[in-house]
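See structure below.
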Amino acid sequence: MFERRDTRDWNLAMAESPSSSVVSEFEGTLLKDPDLFSYFMLMAFEASNLLRFVLLLLLWPVIGCLDAVGMEDYGLKLMIFVALAGVPESEIEAVSRAVLPKFYMDDLNGDAWREFSGYEKRVVVTRMPGVMVERFAKEHLRADEVIGSELTVNGFGYATGFVEGGVHAASNHVDKLFGDGERPSKGLGRRGLSFLSLCKEQKHPPFAGKQYNLEPPEPLKVIFHDGRLAKRPTPVMAFLTLVWMPVGIVLAVIRIVVGLILPIGIMRIIAPILGGRVIVKGKPPPPVSRDKASGVLFVCTHRTLMDPVVLSTALGRKIPAVIYSLSKLSEILSPIPTIRLTRTREADREKIKDQLSKGDLAVCPEGTTCREPFLLRFSALFAELTDQIVPVAMNYRVGLFHATTARGWKAMDSIFFFMNPRPIYEVTFLNQLPVEATCSSGKSPIDVANYVQRLLGTTLGFECTNLTRKDKYRVLAGNDGNVSTSSYTSLFDRVKRVVSTFKPFIH
1 MFERRDTRDW NLAMAESPSS SVVSEFEGTL LKDPDLFSYF MLMAFEASNL LRFVLLLLLW
61 PVIGCLDAVG MEDYGLKLMI FVALAGVPES EIEAVSRAVL PKFYMDDLNG DAWREFSGYE
121 KRVVVTRMPG VMVERFAKEH LRADEVIGSE LTVNGFGYAT GFVEGGVHAA SNHVDKLFGD
181 GERPSKGLGR RGLSFLSLCK EQKHPPFAGK QYNLEPPEPL KVIFHDGRLA KRPTPVMAFL
241 TLVWMPVGIV LAVIRIVVGL ILPIGIMRII APILGGRVIV KGKPPPPVSR DKASGVLFVC
301 THRTLMDPVV LSTALGRKIP AVIYSLSKLS EILSPIPTIR LTRTREADRE KIKDQLSKGD
361 LAVCPEGTTC REPFLLRFSA LFAELTDQIV PVAMNYRVGL FHATTARGWK AMDSIFFFMN
421 PRPIYEVTFL NQLPVEATCS SGKSPIDVAN YVQRLLGTTL GFECTNLTRK DKYRVLAGND
481 GNVSTSSYTS LFDRVKRVVS TFKPFIH
């Protein structure tokens, strides 16, 4: 589903090499940081609730003391129990699929990856439960096997907080994996790991940069990821996040109320006073005159649900926006008019045409948000309905919280955006498409949509893809995104998670 670089020459060279297998430690080798605490903090926050997140942070000094006196295994077991006991196995798998890969990739050791990628058969050994690493290692690092501890799950599908196996049993797993008489060509990892003794050659971090005749393939990029936390919750960052949250909630309420009360034309002036900023580049088009038969269609990249609101702020006037799956709460709080589409092509076509006959309109043809520097495939419907198309490149920066979610409660998106200390939006207006670039010149709607996508991608420095909304939701949520009651279901699931936290202690 994801686009891959052509690595046939590299793989052929590796297959011909006498060294064809590698076993590598995950944390501290493939990842720069050997400390696992932040990943269990992510599990506690994203798979369970804030109370568990706080509890794990309070236990950090205890975990640190256990590590300091050589009892790392007990510290690890404590983290696993506090973070995962009573959490549904399906939720652990979902967070491992949708949240953790982004943070793993940010911490990937490039030199270790070059060593690891130079072998035909690749095995990863981790101290964490295998389920937390398997998706990333196999999908993004192209590992063949992942060796880690196994979570025990009760008959109701909830993790007990206990594990079987672990890194100390890795040598047995490696021995079984390679068979009698066969040894891995190379072992990568810190000194003292048992599985390294089974390898013909051992190499320990740090790894010096190695020159190759052929350039190694890049790890598969993380295009879709979920979760609210924008920073990896190390102990310091987790503490700062918790301290900020009460202030952020109050600040978010103030920002939202001010945005609803004051005219949108002065919000660019008010935003810096409240800690935000809207940067406008390019020349915005003037309002449509009454004698024109059709309004301007602003075609925007889709970063958060705030895109149309920020567009109206940049223009100094309210521009109606097309929406699909916006929550009812967000729709009520929206300071601009919204037109809800049905994803039924003919019905949506009529709604958009009707609105354009009344004035300007904003549309995000990607159909869903994408956090990373990629543009999803543009729907061609907008190109069929008008030739007055103004591309608008939207981008944003936040410090603590992401303002989008695929698995969580979507109604909280705008609140999390405004909880950031200094949310910044950049709006770049491009020139209106010339007639020869529209369907009036005989171009197909798909050609026009692809042209606008490339234009906006070049402006932002983003990579254009053929991925769609359905691809995103299949990766992050395991569905196609057409769940009308997702907000309420997610809220119910969160209540269940709180209750499930105490389930192991009831019996």
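Counting from 1, one number per residue, gives the positions in the sequence shown under UniProt numbering. Don't be surprised by glycine CBs; every beta carbon is placed ideally from N, CA and C.
{"Check": "Any idea what DSSP makes of V222, helix, strand or coil?", "Outcome": "coil"}
{"Check": "I'd like the list of long-range same chain contacts for T338, defined as Cβ closer than 6 Å, with 5 residues on each side in sequence excluded.", "Outcome": "A321, I323, E331"}
{"Check": "Pull up the CB-CB distance for F417 and P233, whole angstroms please, since I reckon it's below 8 Å.", "Outcome": "About 19 Å; that fails the 8 Å criterion."}
{"Check": "Which runs of the alpha helix (DSSP H) fall wholly inside the region 400-450 and span at least 4 residues, in chain order?", "Outcome": "413-419"}
{"Check": "Can you give the Cα-Cα distance for S20 and P365, rounded to whole angstroms?", "Outcome": "46 Å"}
{"Check": "Do you know how far the Cα of E218 is from the Cα of E93?", "Outcome": "25 Å"}
{"Check": "Kindly give me the distance between the Cβ atoms of S414 and I256, rounded to whole angstroms, as I take these residues to be in contact under 8 Å.", "Outcome": "7 Å"}
{"Check": "Consult DSSP for S20 and reduce its assignment to one of helix, strand or coil.", "Outcome": "coil"}
{"Check": "Just to confirm the assignment: which complete beta strand (DSSP E) runs, minimum length 3, are found wholly within the region 299-387?", "Outcome": "321-323, 338-340, 361-363"}
{"Check": "Quick one: measure Cβ to Cβ for T301 and L460, integer angstroms, because I've assumed they're closer than 8 Å.", "Outcome": "7 Å"}
{"Check": "Are the CB atoms of L141 and F116 within a distance shorter than 8 Å?", "Outcome": "yes"}
{"Check": "Can you pull the DSSP bridge partners for Y158?", "Outcome": "P88"}
{"Check": "Does the region 425-439 touch the region 361-378, meaning 3 or more C-beta pairs lie closer than 8 Å?", "Outcome": "no"}
{"Check": "Let me check understanding here. Comparing Cα to Cα, which of V280, I273, R135, L333 lies closest to V146?", "Outcome": "R135"}
{"Check": "M394 bridges to which residues according to DSSP?", "Outcome": "V427"}
{"Check": "Would the beta-carbon of L260 fall within 8 Å of that of I270?", "Outcome": "no"}
{"Check": "Give every residue of the same chain whose Cβ lies closer than 8 Å to the Cβ of P335, excluding the five residues on either side of it in the sequence, and list them in chain order.", "Outcome": "G259, L260, I264, V309, S312, K318"}
{"Check": "How is the alpha helix (DSSP H) around S117 delimited, first residue to last?", "Outcome": "110-117"}
{"Check": "What are the start and end residues of the beta strand (DSSP E) that includes P129?", "Outcome": "121-129"}
{"Check": "Which ranges would you report for the alpha helix (DSSP H) in the region 58-85 if only whole runs of at least 4 residues count?", "Outcome": "60-68, 72-84"}
{"Check": "When we look at the beta-carbon of D50 and count the other beta-carbons within 10 Å, is it buried (16 or more) or exposed?", "Outcome": "One detail in the question is off: residue 50 reads as Leu in this sequence, not Asp. Result: exposed."}
{"Check": "Going by C-alpha to C-alpha distance, which of R268, L455, G408 sits closest to I389?", "Outcome": "L455"}
{"Check": "Determine the direct distance from the alpha carbon of L59 to that of F40, and round the result to whole angstroms.", "Outcome": "12 Å"}
{"Check": "Go ahead and pull the three-state DSSP assignment for G259.", "Outcome": "helix"}
{"Check": "Since I believe S48 is in contact with V23 (beta carbons under 8 Å), could you give me their beta-carbon distance rounded to a whole number of angstroms?", "Outcome": "Wrong, their Cβ atoms sit about 33 Å apart, outside the cutoff."}
{"Check": "The alpha helix (DSSP H) spanning S294 covers which residue range?", "Outcome": "Taken as a continuous stretch (DSSP letters only), S294 belongs to no alpha helix (DSSP H), as it is neither H nor E."}
{"Check": "Taking only three categories from DSSP, how would you classify T241?", "Outcome": "helix"}
{"Check": "If you measure between the beta carbons of R303 and T368, is that distance less than 8 Å?", "Outcome": "no"}
{"Check": "Apart from the five residues on each side of it in sequence, which residues of its chain come closer than 7 Å, Cβ to Cβ, to S307?", "Outcome": "A quick correction: the sequence has Asp, not Ser, at residue 307. Once the five neighbours on either side are set aside, the close Cβ partners of D307 are C300, C364, M394."}
{"Check": "Look at the alpha carbon of R469 and the alpha carbon of N479, and state the distance between them as a whole number of angstroms.", "Outcome": "10 Å"}
{"Check": "Just verifying my parser: in three-state terms, what is the DSSP assignment at R277?", "Outcome": "strand"}
{"Check": "Using the DSSP secondary-structure output, state which residues sit across from L31 in a beta bridge.", "Outcome": "E27, L108"}
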